[in-house]
DNA sequence: CGTAGGTTTGACTGATCTCAAGTTTGGTGG
DNA sequence: CCACCAAACTTGAGATCAGTCAAACCTACG
């Protein structure tokens, strides 16, 4: 896993070069950022609902999720995050967190003050636009999740979540989408799809029995991508991956 | 209903003054925008999924919704919009629409090119930050909807939607939150909450029978706001209304 | 090995959906 | 002003997908 400040700077630059045109001055400004590298244990919270957030986490390795809790204690995971994701850009403009961020595996992270990023966004408009664009893609993904949870049945919902995970994983440079290790438990899949873990388990078995996926522990192989896409009703346009 | 370009400019300035500090130059730049005023009939689409969007709609009167459609034709409404809302800010950075926008009542609107707003955001950083902040609040609302649809039962879901509508309506200066006319049909409430219209109808009756709301046609009165808030599990922090 | 967390299974329950038939409402043209 | 029509709302009965509860089985790790 990456753990140094140089790694953080490099990851940051790579991410935003895919999204907007950076000139030499932009890159110099990013290199000047004061990152602090560190690690976080699985299960720990990076942000808690209600916190006033003054630092921004860059994920260098591992998986995290955003979640909200209803009064009666039910947890809803609203997104998963992976290597390269900037977790707190919205807190540059909305300092009070309306959700928590939790590590679902051990994490390698870098940390930088929101004030520094806010200043960077003002001074280097290309970077500011990159930040905005990044949060707009998050919003597009939330819209798709609303559709997924609101309209699709349990099997499609889970299949859709797996497709999204596979495609984003690939886009983040973490390997081919046909075969991968799931970092999340079935309980977490349930919390992300609005189902119970028992039902997630049964639906995963169904997807296996139908020959769409193969499973071995947490390892998942999408055997028939075209059929998987149909079962999931998955159209990746909402991820806005093509710049 | 407001219908002139001056109205549009005024509405725009009022909205962003609540959100960020605008100086005289900012306000001059907004006044220089080339708005076109117009009206839209209920049911018409302002944007369709897949469109390349080059104009931005400002809602001066009436109600609209954002929606996405699953392969089998099910519609999910992902947000409602009302007077003062800027409907297409995300298209400044993501030109291809990943969702549709439809009028749910007759609308009075103003229209301005996304290129002009993009230039404005670059030249006047305070306005750019206002745009960003606005879209971040949208994203926060989507997160709450994911929680609402994923974790709450039918009665709470509908109650939550009504609370949000009431509070946003008040914040938009459209009147007190205790009594209002719903612009949407029960079918549209169903599409927004991931329920069937039949079940929405029954739950509205239940809320009425329990004495939490009173209904007369589309007119709704929240009789007991405290109890309503509890039933809905409604915590307005996610609306980020306090600047 | 022992233990805790994660996964799997079975039997039963229930919230929400489906289908189908009224009933009411609001707008329109005569 | 009334009659008509379409859309919206309401009601009932029966079906089903997903939830609940409880137990057993893995498996990774100390």
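Protein chains in written order, with our numbering: chain A, 13 to 255; chain B, 13 to 255.
All residues carry an ideal CB built from backbone N, CA and C; glycine is no exception.
All figures in this text were calculated on a predicted structure; none of them were measured in a lab.
Among residues of its own chain, excluding the 5 on either side of residue i, which ones have a beta-carbon nearer than 6 angstroms to its beta-carbon?
i              : result
residue 239(A) : 224
residue 13(B)  : Note on residue 13(B): pLDDT 49, under 50, position unreliable in the model; the coordinate value appears next. The residues are 73, 120.
residue 17(B)  : 47, 49
residue 124(A) : 45, 47, 68
residue 198(A) : 209, 212, 213
residue 234(B) : 190, 225, 240
residue 156(A) : 250
residue 8(B)   : Residue 8(B) is absent from the model: chain B starts at 13 and stops at 255.
residue 136(A) : 38, 41
residue 246(A) : 172, 175
residue 27(B)  : 96
residue 182(A) : 189
residue 248(B) : 179
Assign residue i to one of three DSSP states: helix, strand, or coil.
i              : result
residue 16(B)  : coil
residue 53(B)  : coil
residue 82(A)  : coil
residue 193(A) : strand
residue 203(B) : helix
residue 166(A) : helix
residue 252(A) : coil
residue 236(A) : coil
residue 247(A) : coil
residue 177(B) : helix
residue 47(A)  : coil
residue 61(B)  : coil
residue 184(A) : coil
residue 119(B) : strand
residue 76(B)  : strand
residue 132(A) : helix
residue 242(B) : helix
What are the start and end residues of the beta strand (DSSP E) that includes residue i?
i              : result
residue 113(B) : 112-115
residue 73(A)  : 67-73
residue 103(B) : Looking at the DSSP string, residue 103(B) is not in any beta strand (DSSP E), and its letter there is neither H nor E.
residue 33(B)  : It is not in any beta strand (DSSP E) - residue 33(B) carries neither H nor E in the DSSP assignment.
residue 228(A) : 225-228
So the alpha helix (DSSP H) residue i belongs to, where does it begin and stop?
i              : result
residue 142(B) : 137-163
residue 220(B) : 209-221
residue 40(B)  : 36-43
Which same chain residues, not among the five before or five after residue i, have their C-beta less than 7 angstroms away from its C-beta?
i              : result
residue 202(B) : 208, 209, 212
residue 186(A) : 94, 95
residue 130(A) : 104
residue 167(B) : 215, 218, 219, 243
residue 65(B)  : 59, 100, 103, 107, 109, 126
residue 122(A) : 17, 20, 47, 48, 49, 70, 72
residue 148(B) : none
residue 128(B) : 45, 46
Can you name, in chain order, every residue of its own chain whose Cβ lies under 8 angstroms from the Cβ of residue i, other than the five neighbours on each side?
i              : result
residue 206(B) : 88, 161, 169
residue 62(A)  : 108, 109
residue 200(B) : 77, 89, 116
residue 153(A) : 91, 176, 250, 251
residue 31(B)  : 142, 145, 146, 255
residue 132(A) : 41, 42, 45, 139, 140
residue 231(A) : 191, 192, 193, 194
residue 236(A) : 223, 224
Taking contact to mean 3 or more Cβ pairs, one atom from each stretch, closer than 8 angstroms, check whether the segment 21-29 of chain B and the segment 190-199 of chain A are in contact.
No contact exists between the segment 21-29 of chain B and the segment 190-199 of chain A.
Cβ pair count under 8 angstroms reaching 3, the segment 86-93 of chain B against the segment 25-36 of chain B:
At 8 angstroms Cβ cutoff, the stretches do not touch.
Determine contact between the segment 240-254 of chain A and the segment 101-110 of chain B, defined as no fewer than three beta-carbon pairs at a distance below 8 angstroms.
A contact exists between the segment 240-254 of chain A and the segment 101-110 of chain B.
Does the contact criterion of 3 or more C-beta pairs under 8 angstroms hold for the segment 117-137 of chain A versus the segment 56-74 of chain A?
The segment 117-137 of chain A vs the segment 56-74 of chain A: in contact.
Quick check: the segment 168-184 of chain B against the segment 48-57 of chain B, are at least 3 beta-carbon pairs closer than 8 angstroms?
No contact exists between the segment 48-57 of chain B and the segment 168-184 of chain B.
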